[in-house]
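Data first, discussion second: the structure below is written as C-alpha cells.
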Amino acid sequence: MKLKYLCSFFVFYSMLFCTQIIAQTNEKKVLNKITGFSIKDSTQLIDNDSLLKKFIKIQLIDKKLFLQKKKTAVEFLVSDTTKIRKTKGVIKLPIQKGFKEYVDKDPFDETKQEFTYLGQIKFLNVYLVYGLYWEDLDYKFVSKIDGKEIQSFVDFPYISQNKKLIMSVYADPYATEAQLELLSLIKNKPQTIFYASFKNWMPAPAQEMFWGSDGSFYLPILYSTEYWKKDGSCNDNFSYIKITLI
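For the sequence shown, the numbering used here begins at -8 and goes up steadily by one.
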C-alpha cells in the first residue's frame, strides 16, 4: 500500500515538474512581452506582464528563410570611411561653413568618449557617427549642412526600403533585454513612433540585421535566459525573428 502511494506521489510531482518546464519554455518564447514602453517620447505606465499588441508583430522564423531574405537586404549607408579619417583622436566632418569636430577623450572614468565615422546617408544629407562612452553608446545623424546632431539612436539605425521608417535594436547586457525603437521619416526628418524594452529576447551579438525588400525587419536573436554561456561568453545558438508593421 505504501509503495502504491509512493508511486502515485512520484508520478504526481514528475508531472508537475514537467508542466513547470513546459511553462517556462513557452514563457521565454513570448516575444512581445515588454517591461518598458513609450510613445513619441512619452513614457506609458504598463503592467508587469504587458504584451505589445500594436505597431509591430514579431514572428519566429527559421534560418533558411532568414538567409533567403538577407539576399534582399536594403542599405542606404555609403561607407566612405577612407575619405574622412580620425587624426590624433579628432574626426573633422566637412560642413557648409568649416568642419564639425568630434574629439576623443580616453580617461578611465565617466568622461570617456570615443567616436567613429561610419559614413553618410545621401538622401538624408547626414553623416553617421558612432559614439562609445563609459557605460553607454549611441549612433548619431549629423547634418552635413550645419553640423547639428539631428537624431541619436540606441544602436545602428536601419532604414526601410521605402525610406519612411528607421529601426534600431540594442542588446542591453545589464537588464538582459532588447531595447527597440521605431521612427518615421517625415520630410526626411526622424520622428519617434515608439520605444520598448522586450523581456524575453535580445539581438544576437555581432550579427547582421536588416530590412528586407518586403518591408519587414529581420534579425537573429537569443532568448534572454540563454544569452550567456556558463563560461561568461555569449551564446551562439541563434533563433531568428521577423518584425512586421501592423
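C-beta atoms are modelled at their ideal positions from N, C-alpha and C, and glycine is treated no differently. Model, not experiment: these values are computed from the prediction.
Distance, Cα to Cα, Leu171 vs Lys88?
-> Annotation: Leu171 to Lys88 spans about 35 Å, alpha carbon to alpha carbon.
Sorted by chain position, which residues of the same chain lie with C-beta nearer than 7 Å to Glu101's C-beta, five sequence neighbours on each side aside?
-> Trp125
Beta-carbon separation (whole angstroms), Ile52 vs Phe189, contact threshold 8 Å = Actually they are not in contact, since the Cβ atoms of Ile52 and Phe189 sit about 17 Å apart, beyond 8 Å.
Could you give the distance in angstroms between the alpha-carbon of Leu176 and the alpha-carbon of Lys221?
-> Those two C-alpha atoms are separated by around 42 Å.
When the Cα atoms are used, what is the spatial distance from Ile232 to Ile212?
-> 7 Å
Could you say which of Val160, Tyr165, Leu119 lies nearest to Tyr186 if we only look at CA atoms?
-> For the residues Val160, Tyr165, Leu119, the minimum Cα distance to Tyr186 belongs to Val160.
Top-ranked residue by Cα proximity to Gln119, from Pro98, Phe147, Lys96, Ser207 = The displayed chain sequence assigns Leu, not Gln, to residue 119. The candidate whose alpha carbon is nearest that of Leu119 is Phe147.
Whole-angstrom distance between Val21 and Gly122, CA atom to CA atom = 32 Å
Hey, Met200 and Tyr218: beta-carbon distance below 9 Å or not?
-> no
Using DSSP with H/G/I as helix, E/B as strand and the rest coil, what is Ile212?
-> strand
Looking only at C-alpha atoms, which of Phe90, Lys155, Ser151, Asp127 sits nearest to Val133?
-> Phe90
Out of Ile47, Asn116, Ile150, point me to the one whose CA is closest to Gly138's CA.
-> Asn116
Between which two residues does the beta strand (DSSP E) harbouring Leu173 extend?
-> 168 to 177
Counting only the same chain and skipping the five closest in sequence on each side, list residues whose C-beta sits under 6 Å from that of Gln15.
-> Because Gln15 carries a pLDDT of 44, less than 50, the predicted location of this residue cannot be relied on, and no value is offered for it.
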